[in-house]
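Since the structure comes first, as structure tokens, the remarks are kept for the end.
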């Protein structure tokens, strides 16, 4: 973690904070889908711009991404990523049938956007409460496309950094999985850690 | 034997026939290909931003349109291409997400495309075809054997430009 100069203590605190935030999101998902949801231990990594498009796996893979911009004391970007097939299953479970797939299916896209919004909202609200920082966020946007194209566009929306801190937690439930990710802007991480007294 | 050469974000790669230059999953970024049809030398820059936004960073050469185009041309000439035969093609520059009320200043894909067009014009390199804009990602493959740029999308079909 040398390139962003985090001590192991700070890294632990960041993982723990993310874990608590993500647990709130997992509870929300569990209620929405009426299923048990398990979480992986969060990972914190520094990703150079050149590697950003493959941070969530194969850049050519088809994914669904819900994206919120975060403003306030710890600005950044929050993403919820689903594999396409998982997104279809989630939409089906929310009574929005996807016989023809997701393209042009406004009902299903809107349902998925709301799922992402609820999960990311629970995560960010928990983060704000734990750190006593003020966090606001945009309305959600959704995209169904190649993972590389989605991540490239997210990285170019707003501040341009050469290295991104990518904090992510994987979710898995009954035949559904997803990844919650938070990418703090420069300076944001310092505020987040500062609020934890580190 | 034709090799597939991957051009990562912000990179520039030059090769010659029969090799192919490939970029997977272009969003707002632009894959700019410049080609000399006689020597069959082709180059691709995976351009991220129009203008230089920070100095002394890890730019592998192709990050900014303003610096990537001269470097791409210079490297192609060193490789043996002829300045007066060069022609360009480009793809990418999409807006993957739309937020309500978003200002056009933020439309980075469109700004990338406009800046590249202006720079090619200034350099006297004709832009012979392009496949830019929209709200979808593109995977591109440039064939140095015939100068064809193959553009593949997930839901908007495939085109050769």
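Residue numbers (the numbering used here), protein chains in the order written: chain A, 103 to 300; chain B, 18 to 178. C-beta: ideal position from N, C-alpha, C; glycine also.
So what does DSSP say about residue 107 of chain B, is it helix, strand or coil?
strand
Mark residue 289 of chain A as exposed unless 16 or more other C-beta atoms lie within 10 angstroms of its C-beta, in which case mark it buried.
exposed
Do you know offhand how far residue 122 of chain A's Cα is from residue 149 of chain B's?
42 Å
Are at least three pairs of beta-carbons, each pair with one atom in the segment 113-132 of chain A and one in the segment 216-230 of chain A, less than 8 Å apart?
yes
I'd like to know whether the C-beta atoms of residue 113 of chain A and residue 146 of chain A end up nearer to each other than 8 Å.
yes
Measure from the C-beta of residue 172 of chain B to each C-beta in chain A and report whether the shortest distance is under 8 Å.
yes
To the nearest angstrom, report how far apart residue 284 of chain A and residue 150 of chain A are at their CA atoms.
15 Å
Beta-bridge pairing of residue 63 of chain B - partner residues as DSSP gives them
B:48
Inter-residue spacing [alpha-carbon to alpha-carbon] between residue 301 of chain A and residue 168 of chain A:
Past the boundaries of the shown model lies residue 301 of chain A; chain A is included only from 103 to 300, so the question cannot be answered.
For a contact defined as C-beta to C-beta under 8 Å, what are the partners of residue 162 of chain A on chain B?
41, 42 and 156
Residues bridged to residue 248 of chain A (per DSSP):
A:164
When B:165, B:113 and B:169 are compared against residue 37 of chain B, the one with the closest alpha-carbon:
B:165
Residue 50 of chain B touches chain A at which residues, Cβ-Cβ below 9 Å?
Within 9 Å Cβ-Cβ: nothing; residue 50 of chain B doesn't reach chain A, min ~18 Å.
Using the beta-carbon of each residue, which ones in chain A are nearer than 9 Å to residue 77 of chain B?
152
Using a Cβ-Cβ distance under 8 Å, would residue 155 of chain A count as near chain B?
yes
Count the CB pairs spanning the segment 241-260 of chain A and the segment 156-171 of chain A that are closer than 8 Å, and state whether there are at least three.
yes
CA nearest to the CA of residue 68 of chain B, picked from B:61, B:56 and B:81:
B:81
Starting from the beta carbon of residue 88 of chain B, find every residue of chain A whose beta carbon is closer than 9 Å, and list them in chain order.
Within 9 Å Cβ-Cβ: nothing; residue 88 of chain B doesn't reach chain A, min ~16 Å.
Residue from A:181, A:140, A:242 and A:295 whose Cα sits closest to the Cα of residue 213 of chain A:
A:242
Verify the CB distance criterion: does residue 258 of chain A have a CB-CB separation below 8 Å to chain B?
yes
Are at least three pairs of beta-carbons, each pair with one atom in the segment 290-297 of chain A and one in the segment 22-34 of chain B, less than 8 Å apart?
no
Name the residue from A:254, A:180 and A:275 whose alpha carbon lies nearest to the alpha carbon of residue 229 of chain A.
A:180
Give, in chain order, every residue of the segment 217-240 of chain A whose Cβ lies closer than 9 Å to some Cβ of chain B.
240
What are the residues that DSSP puts in a beta bridge with residue 273 of chain A?
A:141 and A:280
Give the C-beta separation of residue 135 of chain A and residue 278 of chain A to the nearest angstrom, bearing in mind that I take them to be a contact with Cβ-Cβ under 8 Å.
7 Å
Nearest to residue 275 of chain A by CA position, among A:133, A:293, A:232 and A:286, is which residue?
A:133
Residues in its own chain within less than 7 Å of residue 23 of chain B by CB, not counting five upstream and five downstream?
39
Between residue 254 of chain A and chain B, is the shortest Cβ-Cβ distance under 8 Å, so that the two count as touching?
yes
Taking the beta strand (DSSP E) that residue 178 of chain A falls in, what are its first and last residues?
178-185
Can you have a look at residue 101 of chain B and say buried or exposed, based on whether 16 or more other CB atoms are within 10 angstroms of its CB?
exposed
Does DSSP put residue 265 of chain A in a helix, a strand or coil?
strand
Taking only the alpha-carbon atoms, compute the straight-line gap between residue 121 of chain B and residue 175 of chain B and give it to the nearest angstrom.
Confidence is the limiting factor: at residue 121 of chain B the pLDDT is only 48, short of 50, which leaves the residue's position unreliable and the question unanswerable from this model.
Below 8 Å on the Cβ atoms is my contact criterion, and I expect residue 141 of chain B with residue 47 of chain B to pass it. Report the Cβ-Cβ distance as a whole number of Å.
Between residue 47 of chain B and residue 141 of chain B the Cβ distance is about 20 Å, and since that is not below 8 Å, they are no contact.
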